[in-house]
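Student: Quick one: structure below, then a few questions.
Residue numbers (this note's numbering): 1340 to 1946.
Spelled out as structure tokens, the structure:
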């Protein structure tokens, strides 16, 4: 039976959408290849990727929102990191759209707490003085999703907005019940993918939710007309640290203090996204879960932001809050031919903007599994392996975030943590995704051991930072711009901007993991020199980075000086493996100087 395409109410705009629907409508009397539940960012990108990978694939995307999204859709996830930028631009072919219709991002910028946060020019600043050679973006979600919807329809995706998913009956095939304007229809599909965001239709139906230890709350809103925080100071030295006015607000900006960070993300269409992520152990949810509560909180912790907002309350366009932001799942792919993607699957934290990275990686795995299965290939091994890889990445990010918010009042610790974290990201995650086929099982099997090893080390460094924070919270001079252009961290970012032979990716990831261990040894040595100078090992003593701590009484028993599994690296050798450590250590870098990178361009702290 051919089920009718749901009709829209009369009107020229709806008639246009209806014509588009009829052009790409699939005869649902036939079993579809894929039905995607949800037509937000995760669902639209997957629909487009499936059609680009295997054009004959029949794809229906059901989206409950009627009509096109608002220009600056009220959704978190406006900032992209390198993986997501590559996924949108190259994998999905949206580079022209990103270049013309989205906001080119000038890295990540951090303002750490100092002097009551009453003068932004007196706060330690960690951020770029130039736009990155590897482009990233701040995206108007509505603009992006409208573009994706148009391209999905052009590619032959049956995109049905104003359509609710009433029920999913899993089977061979699956049966999905949809409703639109009071009319109900059923469709059948070989594969069903839950991209319904936090509604998590399949996750809830199958009882797949898994609690996440990392507990963070969030709230955010958009302010009409934007916000230029460079107007908060007329200090000529502070303003002169940037080569041009306005560069700062092109960054994804973080106002950071113990237990929280506030983001400022300027959007191309005019509004600015302002939000907070906070640890409820320090900043309870009720202090941020309404706009008025947030304003009271801001007057106490971010007074310059609060003052700027007081006179513009009428410009607040919306407000949303989420309690327990992180999301877990028991699994995300199944040989029963269902998958979870986006927030319907797993989510860690908004810090470092990993949400769209997970969409890009997860959708690439799904596209690979589904299209191979539709072509008759046995995908059982691939599916289970990709499931394990996605959760390995999920655990990696949790290692970055767990108890991180307790550290956020310590500028020096957070500054070096940031460099450590992006070193691991650029060298082990972004490199293989951007320069090779991330769904290549042979490649992933080769690089998964160093990725997991680095995850273990990232967890160890977080414990080390917390020990450091308990002993010392050193004041950092306010006039600081890191200049890692000639450091090993900088080299990793510049590599992402170059052509790279895919055959070199595997050995490069393995080498980057070793270099990362050297980096951690140098961090250990520098911190010990500050807080335990009498206990500092000499430069030729081997240090096991997996056993670092600030308790000398434990060093021998913990294996700090090497084990059979981890023989360690001497500080002297670490300096030869990791270049430019002083260029990224807050307290060593001062004023507005910048250092050109290998290709003559100036490197930011993070893009």
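All residues carry an ideal CB built from backbone N, CA and C; glycine is no exception.
Model, not experiment: these values are computed from the prediction.
Would you mind reading off the limits of the alpha helix (DSSP H) that contains residue 1774?
Tutor: 1770-1774 is the span of the alpha helix (DSSP H), which, as asked, contains residue 1774.
Student: Looking only at its own chain, which residues have a Cβ that is under 6 Å from the Cβ of residue 1619, when we skip the five neighbours before and after it?
Tutor: Cβ neighbours of residue 1619 beyond the five flanking positions: 1556.
Student: Can you say whether residue 1973 is buried or exposed, counting buried as having 16 or more other CB atoms within 10 angstroms of its CB?
Tutor: Beyond the ends of the chain as shown, which are 1340 and 1946, falls residue 1973; an answer cannot be given.
Student: Are there 16 or more other CB atoms within 10 angstroms of the CB of residue 1810, so buried, or fewer, so exposed?
Tutor: By the 10 Å Cβ count, residue 1810 comes out exposed.
Student: For residue 1747 versus residue 1601, is the C-beta distance shorter than 8 Å?
Tutor: Contact flag unset, no.
Student: Can you give the beta carbon distance from residue 1422 to residue 1696, rounded, assuming they're within the 8 Å contact cut?
Tutor: The pair is a contact, with the Cβ atoms about 4 Å apart (cut-off 8 Å).
Student: For residue 1680, which option in 1891, 1640, 1730 has the closest C-alpha, if you only look at C-alpha atoms?
Tutor: Nearest C-alpha to residue 1680: 1730.
Student: Mind checking residue 1915: buried by the 16 CB within 10 Å criterion, or exposed?
Tutor: Exposed, since its Cβ has fewer than 16 Cβ neighbours within 10 Å.
Student: Please report the Cβ distance between residue 1830 and residue 1767, rounded to the nearest whole angstrom; I am assuming they are in contact, meaning their Cβ atoms lie under 8 Å.
Tutor: Incorrect: roughly 14 Å between the Cβ atoms, too far for contact.
Student: Tell me which residue opens and which closes the alpha helix (DSSP H) that residue 1649 is part of.
Tutor: 1642-1649 is the span of the alpha helix (DSSP H), which, as asked, contains residue 1649.
Student: Any idea if residue 1402 is buried or exposed, counting beta-carbon neighbours within 10 angstroms, 16 or more meaning buried?
Tutor: Per the 10 Å Cβ criterion, buried.
Student: Within 10 Å of its beta-carbon, does residue 1879 have 16 or more other beta-carbons around it, so buried, or fewer, so exposed?
Tutor: Residue 1879 comes out exposed.
Student: Give the straight-line distance between the Cα atoms of residue 1433 and residue 1480, rounded to the nearest whole angstrom.
Tutor: Those two C-alpha atoms are separated by around 14 Å.
Student: My parser needs the beta strand (DSSP E) runs of 3 or more residues fully inside the stretch 1535-1604; what are they?
Tutor: Runs of the beta strand (DSSP E) inside the stretch 1535-1604: 1556-1562, 1591-1596.
Student: Run through DSSP, which three-state label would residue 1626 get?
Tutor: Residue state, collapsed to three classes: helix.
Student: Residue 1395 by DSSP, collapsed to three states: which one?
Tutor: Looking at residue 1395 - three-state DSSP - the assignment turns out to be coil, as it is neither helix nor strand.
Student: Do residue 1782 and residue 1771 have their CB atoms nearer than 8 Å?
Tutor: Cβ atoms of residue 1782 and residue 1771: closer than 8 Å.
Student: I think residue 1549 touches residue 1662, with their Cβ atoms under 8 Å apart; what is that distance to the nearest whole Å?
Tutor: Not a contact, Cβ separation roughly 17 Å.
Student: Going by beta-carbon coordinates alone, are residue 1424 and residue 1474 separated by less than 8 Å?
Tutor: Closer than 8 Å, so yes.
Student: Which word fits residue 1377, buried or exposed, when buried means at least 16 other C-beta atoms lie within 10 angstroms of its C-beta?
Tutor: Classification for residue 1377: buried.
Student: So, residue 1370 versus residue 1713, is the Cβ gap smaller than 8 Å?
Tutor: In this structure, residue 1713 does not lie closer than 8 Å to residue 1370 by Cβ.
Student: On the CB-based measure, 16 or more other CB atoms within 10 Å of its CB, does residue 1716 come out buried or exposed?
Tutor: Looking at its Cβ environment, which holds fewer than 16 other Cβ atoms inside 10 Å, residue 1716 is exposed.
Student: Taking the beta carbon of residue 1414 as the centre, do at least 16 other beta carbons fall within 10 Å, making it buried, or is it exposed?
Tutor: Counting Cβ neighbours within 10 Å, residue 1414 comes out buried, since at least 16 surround it.
Student: Output the residue ranges of the beta strand (DSSP E) runs that lie fully inside the stretch 1428-1494 and measure 3 residues or longer, sorted by chain position.
Tutor: Within the stretch 1428-1494, the complete beta strand (DSSP E) runs of at least 3 residues are 1447-1451.
Student: Using three-state DSSP, classify residue 1509 as helix, strand or coil.
Tutor: If DSSP states are grouped into helix, strand and coil, residue 1509 belongs with coil.
Student: Kindly indicate which three-state DSSP category residue 1632 falls into: helix, strand or coil?
Tutor: DSSP places residue 1632 in helix when its eight states are reduced to three.
Student: Along the chain, where does the alpha helix (DSSP H) that runs through residue 1807 open and close?
Tutor: Segment 1780-1810, the alpha helix (DSSP H) holding residue 1807.
Student: Are the beta-carbon atoms of residue 1641 and residue 1456 separated by less than 8 Å?
Tutor: The answer is yes: Cβ separation under 8 Å.
Student: How long is the line joining the alpha carbons of residue 1652 and residue 1887, rounded to whole angstroms?
Tutor: Distance between the alpha carbons of residue 1652 and residue 1887: 49 Å.
Student: Is the stretch 1795-1802 touching the stretch 1733-1748, taking contact as three or more C-beta pairs under 8 Å?
Tutor: Yes, the stretch 1795-1802 is in contact with the stretch 1733-1748.
Student: Rounded to the nearest angstrom, what separates residue 1587 and residue 1503 at their Cα positions?
Tutor: Taking the straight line from one Cα to the other gives about 42 Å.
Student: Just to confirm the assignment, what range does the beta strand (DSSP E) spanning residue 1617 have?
Tutor: Counting along the chain, the beta strand (DSSP E) containing residue 1617 begins and ends at 1611-1617.
Student: Under a Cβ-count criterion, where at least 16 other Cβ atoms within 10 Å of its own Cβ denotes burial, should residue 1774 be classed as buried or exposed?
Tutor: Residue 1774 is buried by the Cβ-count criterion.
Student: Would you be able to state if there are at least three C-beta pairs under 8 Å between the stretch 1616-1635 and the stretch 1573-1582?
Tutor: No, the stretch 1573-1582 is not in contact with the stretch 1616-1635.
Student: By Cβ distance, which residues of its chain are closer than 7 Å to residue 1476, with the 5 residues on each side in sequence left out?
Tutor: Excluding sequence neighbours, residue 1476 sits near 1419, 1424, 1437, 1441, 1442, 1443, 1444.
Student: Roughly how far, in whole angstroms, is the beta-carbon of residue 1870 from the beta-carbon of residue 1807, given that I think they are within contact range, below 8 Å?
Tutor: Right, the Cβ-Cβ distance comes to about 7 Å (below 8 Å), so this counts as a contact.
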